[in-house]
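Q: The structure follows.
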């Protein structure tokens, strides 16, 4: 082994930078990780000799299993909706002139940064029986009784997709704008019709962005609370609502913690599988910048 | 320009785009007019024009104290998160220590873990530490949530900055402290400001963690709204919503301006 | 290349204390060694270039002199003081970077003022010296511009002004002209030379462009695989390369490989197949090769004369038979590419003379050169 006499200058510099990370790291460990860890421990120590009973009890109740199914189902439908709406939008952003693309981007960013509560509340106002849509249709005489749009799965999907759409569009756009237009010209030169070029060259190249967007939206949808609580019916309850109820109403910390651990486990499992296909840092990074 | 891909039927694509934008902006476009209604229930279109609900926001004890609390928490969060996050970003981008990747991953976890879980976890532990229901507790919680935004934004600024500039500063006689103050900081300032603004917005709009870490005596605006929204809905809620939106939009526009002014690399 | 005469060199006489002494400098990164024992002395006022291909260690050496990297071994002395472990902000050296490294949030004048502010110079003094520096690089009116408002060449001149305004002991330049186009590069080469001579600056310059090195330097250090292969003036390197690497790197050369056979007179022969070329005693001694060693005889293209294939070989000359493969017209010269009978390529440059015969492709000719024009070096591939 070659022994390198360490440059004292270099060594000092290295340590100095590392020190800067400590305040934030300690902060996160104490105020963020510790809560999660103690909660996880609580899932098996509350009541004191619970062991795994909180978990087994969870799977024993129908309502819980239904909530679990709902969670996955709603998350899946939301992801699908965002994909169907978001892909054309992101594509549109790549083909319009710069100024318009900027406006379209703002169209996505402004809601993105607006309060989730405000937006969900707005959908409540729009979808409820005396809401904007129903009043509009009733006044026009198109319907005689208000449509049930709220407290339905559909209502939840509409609201959640609205909130999650930017998380689908941003990663997709980031990938799409990097696709070299030369590929399109090459395809045309080799005899491909425009739709053929789109389907066989552009779409495959855009898949990493699609993957990243779908992953982000799905994972975020799993943990949604506010939107399903305001827009969903009793039968659409998601895991997060169960967790909150266990604490606020049943005061059952053990069960709530167990459910929380389950939700975390599912989230991380998805992320782990996905990390084989996409760079997680890019996925979350694009959602956090600008 | 992607002329050769598929020259789409322009109209169709434009229509889809417009529809999507409408979908994205519709909720806010509905709420804002509603806040100016004269009637005492929320209706669309609004009847008449009145600022009474905005008045109500300032005169009603609960709303006004909620606003003051939200402001306090958001400002303190922004300051704390920006300081911690900028230091961390410096350490992560410039340092070469083992475990750097792990620290990077930890810094992003607040974004990944569902906020409900974070909320009850913090609630449980903060109650034990007796900081739940206090300004301190909420600021600490929101700072944890905001840190990723600061670290990513400042980190990007640092990474895209020309490293030779720091070498040049050292060569010209600046010790590390002066090099940071005179050269690095001015150049990454847009990133730092972006992080600060995102931290503010994150705290200002945050509701789930706040639900658990606030009490009847100490509430933020979003929590106040959450309580109201599920029962009576008088248009004050719309006024509050509009206020929340306006503050956020102004800050975002400010951010755009800051980014334009940046001297680049 | 016809450049106007450069200003006279101002290097200090050898007796004086050298501006820079590098001894046994080494730098390793794990298992890889970037710099493997470099020794160098630069006299005050000298312009020394570190020349070599990418990865040869020249930039790493420069960065260690600047203090950006700590050496793994060896020492660095600047003006008599040991600077090996001194951080960069306490060394008194000026540095010009390839990408200028001008601070984007400061004007040109503020950039130039920066090192003076670091040294706590008085404000009026700073103003005066900044103005002088701007005048030195002929950009007096550009002080209030930001770097993004300046062209590449202008930015480089501001970078130069910033590096010299505090009158450093040593001026380091890391391929400063690499990002510029050819014409601009040539103009700036002379400007850098003028400025450094005017200031009587000691310069350590890094480049991979041999023409640049030849134009600007008093001495050139040729780097290869982390070591200095040869250190000398441009003429030394061109006329008396000590290795095949140097011969090949500087200028064009014809390389005739074979086996060296020494004889008792201190001279010898290089033999290959049916050919035997004579090596003069001076060249033989400089090469220090033993009989049987794999050798190469290096002859510059302009030293060869082409004669008819059956012409006689004059005394004191070597010869080799070849066929003309191509003939290029290069303005003042004609350059021939030829193929030897065993397939090797050769090149000959002849000045266009009325009397000279113009050779055609396919002509069978003989190449003749004076024995003293051949340089003997070892052939590492032999």
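Protein chains in written order, with the working numbering: chain A, 94 to 383; chain B, 141 to 405; chain C, 3 to 384.
Virtual Cβ for every residue (Gly too), placed ideally from N, Cα, C.
1. Determine whether the beta carbon atoms of residue 298 of chain C and residue 246 of chain C lie at a separation below 8 Å.
2. Using 8 Å as the Cβ pair cut-off and three pairs as the minimum, do the region 143-158 of chain A and the region 345-352 of chain A touch?
3. Out of B:213, B:257, B:387, which has the shortest C-alpha to C-alpha gap to residue 336 of chain A?
4. If you follow the beta strand (DSSP E) that residue 328 of chain C is in, where does it begin and where does it stop?
5. May I have the straight-line CA-CA distance separating residue 223 of chain A from residue 282 of chain B, to the nearest angstrom?
6. Taking only beta carbons into account, state which residues of the region 160-189 of chain A come closer than 9 Å to chain B, listed in chain order.
7. Can you list the residues of chain B that residue 135 of chain A reaches, using a CB-CB cut of under 7 Å?
8. So, at 7 Å on beta carbons, what are the nonlocal neighbours of residue 266 of chain B in its own chain, with the 5 sequence-adjacent residues on each side left out?
9. Output needed for residue 337 of chain B: all residues of its chain with C-beta closer than 6 Å, excluding positions within five of it in sequence on either side, in chain order.
10. Taking all protein chains shown into account, do 16 or more other C-beta atoms lie within 10 angstroms of the C-beta of residue 120 of chain A, making it buried, or fewer, making it exposed?
11. From residue 338 of chain A to residue 170 of chain A, what distance separates their C-alpha atoms?
12. Kindly provide the ranges of any alpha helix (DSSP H) runs that are 4 or more residues long and lie completely inside the region 229-288 of chain C, ordered along the chain.
13. What do you reckon, is the C-beta of residue 297 of chain B under 7 Å from a heavy atom of the ligand MN?
14. Just tell me which of C:50, C:250, C:169, C:46 has its CA closest to the CA of residue 17 of chain C.
15. Among C:268, C:306, C:305, which has the Cα closest to the Cα of residue 290 of chain C?
16. Strictly below 7 Å CB to CB, what residues from chain D border residue 116 of chain C?
17. Take residue 365 of chain B as the anchor and find which of A:245, A:214, A:172, A:186 has the nearest alpha-carbon.
18. Is residue 298 of chain B close to chain C? Criterion is C-beta to C-beta, closer than 8 Å.
19. Select from the region 110-134 of chain C all residues with a C-beta closer than 7 Å to any C-beta belonging to chain B, and list them in chain order.
20. Note down, in chain order, each residue of its chain lying with its Cβ closer than 7 Å to the Cβ of residue 270 of chain A, except the 5 sequence neighbours on either side.
21. Alpha carbon to alpha carbon, what distance is there between residue 358 of chain C and residue 316 of chain C?
22. May I ask which residues mark the beginning and end of the beta strand (DSSP E) holding residue 176 of chain C?
23. Could you tell me which residues DSSP pairs with residue 38 of chain C in its beta bridges?
24. Name, going along the chain, the residues of the region 203-219 of chain A whose beta-carbon falls closer than 8 Å to a beta-carbon of chain B.
25. If I measure Cβ to Cβ from residue 296 of chain B and keep anything under 7 Å in the same chain, skipping five residues before and after, which residues do I get?
26. Can you tell me which of the three DSSP states residue 363 of chain A falls into?
27. Strictly under 8 Å for the Cβ-Cβ distance: is residue 281 of chain B near chain A by that measure?
28. Would you list the one or two residues that DSSP bridges to residue 353 of chain C?
29. Residue 75 of chain C bridges to which residues according to DSSP?
30. Measuring CA to CA, which of B:191, B:205, B:184 is closest to residue 357 of chain B?
31. Decide if residue 105 of chain A is buried, meaning its Cβ has at least 16 other Cβ atoms within 10 Å, or exposed.
32. Run through chain B and tell me which residues come within less than 7 Å of residue 337 of chain A, C-beta to C-beta.
33. Out of B:381, B:397, B:400, B:399, state which residue places its alpha-carbon closest to the alpha-carbon of residue 204 of chain A.
34. Output yes if chain B places a C-beta closer than 8 Å to the C-beta of residue 398 of chain C; else output no.
35. Under 7 Å Cβ-Cβ, which residues of chain A neighbour residue 315 of chain B?
36. Roughly how many whole angstroms lie between the Cα atoms of residue 315 of chain B and residue 207 of chain C?
A: Reading it off the structure:
1. Working through the third chain from its first residue, we reach residue 298 of chain C at position 296. Working through the third chain from its first residue, we reach residue 246 of chain C at position 244. For residue 298 of chain C and residue 246 of chain C, yes; Cβs fall inside 8 Å.
2. yes
3. On the first chain, position 243 is the one that residue 336 of chain A refers to. Ranking the options by Cα distance to residue 336 of chain A, first place goes to B:257.
4. Position 326 of the third chain, counting from 1, holds the residue named residue 328 of chain C. Taken as a continuous stretch (DSSP letters only), the beta strand (DSSP E) holding residue 328 of chain C covers 319-332.
5. As a first step, residue 223 of chain A must be located in the first chain, where it is residue number 130. As a first step, residue 282 of chain B must be located in the second chain, where it is residue number 142. Using only the alpha carbons, I get a separation of about 36 Å.
6. 178, 179, 181, 182, 184, 185, 186, 187, 188, 189
7. Numbered from 1 along the first chain, position 42 holds the residue referred to as residue 135 of chain A. In chain order: 264.
8. In the second chain, residue 266 of chain B corresponds to position 126, counting from 1. So the list reads 272, 277, 353, once near-sequence residues are dropped.
9. As a working mapping, residue 337 of chain B is identified with position 197 in the second chain. Counting only Cβ-Cβ distances below 6 Å, and skipping sequence neighbours, we find 391, 395.
10. Here residue 120 of chain A corresponds to residue number 27 of the first chain, with the count starting at 1. Buried, since its Cβ has 16 or more Cβ neighbours within 10 Å.
11. Translated into the one-based positions of the first chain, residue 338 of chain A becomes position 245. Translated into the one-based positions of the first chain, residue 170 of chain A becomes position 77. Roughly 24 Å separates the two Cα atoms.
12. 236-241, 246-251
13. Here there are no bound small molecules, and the ligand MN is not part of this structure.
14. Taking the third chain and counting its residues from 1, the one referred to as residue 17 of chain C is at position 15. Considering only alpha carbons, the answer is C:46.
15. For the purposes of this step, residue 290 of chain C is taken as the residue at position 288 of the third chain. Ranking the options by Cα distance to residue 290 of chain C, first place goes to C:268.
16. Among the chains of the structure shown, chain D does not appear; the protein chains present are A, B and C.
17. Looking up residue 365 of chain B in the second chain gives position 225. The shortest C-alpha separation from residue 365 of chain B is found at A:214.
18. On the second chain, position 158 is the one that residue 298 of chain B refers to. Not closer than 8 Å to any Cβ of chain C, the Cβ of residue 298 of chain B fails to qualify, so no.
19. 116, 117, 120, 121
20. Sequence index remark: in the first chain, residue 270 of chain A carries index 177 (1-based). For residue 270 of chain A, where only same-chain residues beyond five positions count, the Cβ hits under 7 Å are 187.
21. Residue numbering aside, residue 316 of chain C sits at position 314 when the third chain is read from its first letter. Residue numbering aside, residue 358 of chain C sits at position 356 when the third chain is read from its first letter. Each residue's alpha carbon lies about 18 Å from the other.
22. Along the third chain, read from residue 1 onward, the residue named residue 176 of chain C stands at position 174. Where residue 176 of chain C is concerned, the enclosing beta strand (DSSP E) stretches over 172-176.
23. Within the third chain, the letter at position 36 stands for residue 38 of chain C. According to DSSP, residue 38 of chain C bridges with C:28.
24. 203, 204, 206, 207, 208, 209, 210, 211, 212, 214, 215, 216, 217, 218, 219
25. Mapped onto the second chain, residue 296 of chain B falls at position 156. Result list for residue 296 of chain B: 331, in chain order.
26. Numbered from its first residue, the first chain carries residue 363 of chain A at position 270. Of the three classes helix, strand and coil, the one that applies to residue 363 of chain A here is helix, per DSSP.
27. Residue 281 of chain B sits at position 141 when you count from the first residue of the second chain. By this cut-off, residue 281 of chain B is an interface position.
28. Within the third chain, the letter at position 351 stands for residue 353 of chain C. Looking at the DSSP assignment, residue 353 of chain C forms a beta bridge with C:335.
29. Here the question's residue 75 of chain C lines up with position 73 in the third chain. C:28, per the DSSP bridge assignment.
30. Indexing the second chain from 1 puts residue 357 of chain B at position 217. Ranking the options by Cα distance to residue 357 of chain B, first place goes to B:205.
31. By 1-based counting over the first chain, the position of residue 105 of chain A is 12. Residue placement at residue 105 of chain A is poorly supported in this model, since its pLDDT is 44, which falls under 50; the coordinates still yield a value, given next. Under this definition residue 105 of chain A is an exposed residue.
32. Residue 337 of chain A sits at position 244 when you count from the first residue of the first chain. 256, listed in chain order.
33. Taking the first residue of the first chain as 1, we reach residue 204 of chain A at position 111. The residue with the shortest Cα to Cα distance from residue 204 of chain A is B:381.
34. An answer regarding residue 398 of chain C cannot be provided, because it is not within the stretch 3 to 384 covered by chain C.
35. Position 175 of the second chain, counted from the start, is the residue given in the question as residue 315 of chain B. What residue 315 of chain B touches in chain A: nothing, since even the nearest Cβ is about 12 Å away.
36. Position 175 of the second chain, counted from the first residue, corresponds to residue 315 of chain B. Position 205 of the third chain, counted from the first residue, corresponds to residue 207 of chain C. Looking at the two C-alpha atoms, the distance is approximately 25 Å.
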